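Below is one structure, written out as structure tokens, with a few remarks after it.
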Amino acid sequence: MIIQMNTASVQSQVISFLRFPLVVFVLFIHSDFRGISSAWNPALLDTPFLHLASISLSLGNIIDFLSGSLAPLANPFFFFISGLLFFKGSDFSKKDYFDKLRSRTRSLLVPYVMWNAIFLVALFVAEQLQSGWTSAIGKPIAQFGITDFLLSFWDISLICNQGGIAAPLDITMWFVRDLIILVILSPVIFWSLRWLSSFKKPIAIIVLCALLLAADHIPSVPGLNPQAFAFFGFGAYFGINKTDFTALFRPFLLGGLLFAIFFKQFGMYNLMYAALIVLSISLVTRTIQSGRYKQLPSILTDACFFVFAYHTLALGIIISLFKSGILNPSGNVQMAICYFFTPAVLFLVGALFHCILNRFFSSLLSLLTGGRSSS
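In full-length UniProt numbering, the protein residues as written are 1 to 375.
In structure tokens form, the structure reads like this:
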């Protein structure tokens with residue numbers, strides 16, 4: 001007997017399931033402490049740590065693969081999901097556009113402003129408690145001018161022209177910043193894809209793949225990220241054309257893997273991430289439709305956005321422990337424990353705070369998560 005599953009249900013289950021591992025990937029990106037802690041000696045990381053058949057891997061190799069190659073899939077994947085959901089089930093009329101702007105004001109803009117404001121207050125308090133200490137900005141919050149405060153909500157690299165990552169004070173919120181710009185420019189994306197699809201639908205996919213390839217070589221400007229445009233457009237294509245992406249990607253489990261390896265060898269990273277998106281969706285879709293799918297505990301899925309937004313604040317405490325020598329791992333085993341336990345600690349602490357806020361300050365939590373919190 002063949003069990004027919006609701007297509008919309010499968011798509012929503014796939015998206016819901018993927019949010020948790022993708023947030024964990026974000027935590028792994030920020031759990032590589034090389035260059036931060038002198039304890040993470042590059043020479044030590046080159047010593048064999050794991051043997052697989054005839055292959056010897058150092059802890060450095062493992063960190064490079066997880067934090068440097070695999071985990072960065074998270075942001076392109078989130079842009080893909082955002083583009084898909086933004087245009088899903090809508091003909092994108094003028095009314096639709098303004099309705100979506102209003103809803104994204106709550107789900108994106110309000111949390112974006114609030115989290116960066118929280119980080120400003122937290123860093124100011126930390127500077128008062130620890131005399132002579134300044135945050136990664138390199139300038140005391142107490143000495144901020146109006147321009148510095150505005151830049152802290154957009155691009156801290158411009159404060160004192162210090163350079164570095166072009167992100168707001170809550171660094172992971174660069175994703176939300178760029179997504180807000182994509183939402184504002186969504187009519188351009190919609191009509192461009194609609195026009196390309198009017199010739200033949202594959203034309204739009206070919207153009208998007210070309211954009212993915214070009215995005216590897218186009219400099220990113222705060223708010224105008226080529227990678228973000230490409231993957232948001234990639235997801236938007238399926239939403240606009242009302243295409244069941246789970247049914248389309250399901251047969252390409254092996255193909256997604258082979259193409260990901262191929263593109264990785266030639267340094268085509270955005271195409272590699274596109275292939276990994278196909279692979280991941282195929283794998284999760286097969287698992288759900290096989291009946292082996294078990295829904296993740298709500299304590300994990302409900303807290304995802306909160307963990308995403310808060311974690312660099314907690315990460316700053318861990319980094320300070322490394323810099324002060326309080327955390328001073330020696331040897332591969334201790335460093336591996338630090339590396340693998342950091343994402344677990346960050347997520348569990350975030351989930352705990354999420355539960356507390358949900359229990360006692362649910363209205364505040366709803367603002368901080370853009371209405372994503374659970375009752």
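C-beta: ideal position from N, C-alpha, C; glycine also.
This structure is a prediction, so every number in the text was calculated from the model and none was measured.
- Task: Could you please give the first and the last residue of the uninterrupted alpha helix (DSSP H) stretch that includes cysteine 304?
- Result: 304-324
- Query: Roughly how far, in whole angstroms, is the beta-carbon of phenylalanine 28 from the beta-carbon of serine 67, given that I think they are within contact range, below 8 Å?
  - Reply: 5 Å
- Query: Quick one, are the C-beta atoms of serine 103 and aspartate 96 less than 8 Å apart?
  - Reply: Contact flag unset, no.
- Provide the residue span of the alpha helix (DSSP H) that contains phenylalanine 77, from first to last. 74-87
- Taking C-beta to C-beta, are serine 282 and leucine 253 nearer than 8 Å? yes
- Item | Under 8 Å between C-beta atoms of glycine 239 and phenylalanine 86 | yes
- Item | CB contact flag (glycine 350, arginine 106, <8 Å) | no
- asparagine 270 vs proline 76 beta-carbon contact at 8 Å: yes
- Inter-stretch contact at 8 Å, needing at least 3 Cβ pairs: the region 328-348 / the region 308-318: yes
- Message: According to DSSP, simplified to helix, strand and coil, what is leucine 224?
- Response: strand
- Message: Does the structure place the region 137-153 close enough to the region 111-124 that three or more beta carbon pairs sit under 8 Å?
- Response: yes
- Item | Of the residues Leu248, Ala247 and Ile118, the one placed nearest leucine 169, counting alpha carbons only | Ile118
- As assigned by DSSP and simplified to three states, the class of threonine 369: coil
- Message: Please tell me whether cysteine 304 has its Cβ less than 8 Å away from any Cβ of chain B.
- Response: In the structure shown, chain B cannot be found, because there is only a single protein chain.
- Give me the Cβ distance between threonine 301 and serine 12, rounded to the nearest whole Å; I'm assuming they're in contact under 8 Å. About 12 Å separates the beta carbons of threonine 301 and serine 12, which is beyond the 8 Å limit, so they are not a contact pair.
- Which class does leucine 279 belong to by DSSP, given the choice of helix, strand or coil? helix
- Counting Cβ pairs closer than 8 Å, one from the region 182-201 and one from the region 224-235, do we hit at least three? yes
- Got a sec? Which residues, its chain only, sit under 6 Å from phenylalanine 245 by beta carbon, not counting five neighbours each side? Here the set comprises Phe238.
- Item | Nearest-angstrom Cα separation, counted from tyrosine 293 out to methionine 5 | Below a pLDDT of 50, predicted positions are generally treated as unreliable, and methionine 5, at 47, falls in that range; the measurement from the model is reported next regardless. The straight-line gap from Cα to Cα measures roughly 13 Å.
- Between tryptophan 115 and alanine 309, is the Cβ-Cβ spacing less than 8 Å? yes
- Query: Contact check, glutamine 227 vs alanine 214 under 8 Å by CB: the rounded distance?
  - Reply: Here glutamine 227 is actually not in contact with alanine 214; their C-beta atoms are around 10 Å apart, not less than 8 Å.
- Item | Candidates Ser198, Phe263 and Asp178: closest to cysteine 209 by CA position | Phe263
- Item | leucine 248, DSSP secondary structure in three states | DSSP places leucine 248 in helix when its eight states are reduced to three.
- Does the separation of the CB atoms of leucine 150 and leucine 276 fall below 8 Å? no
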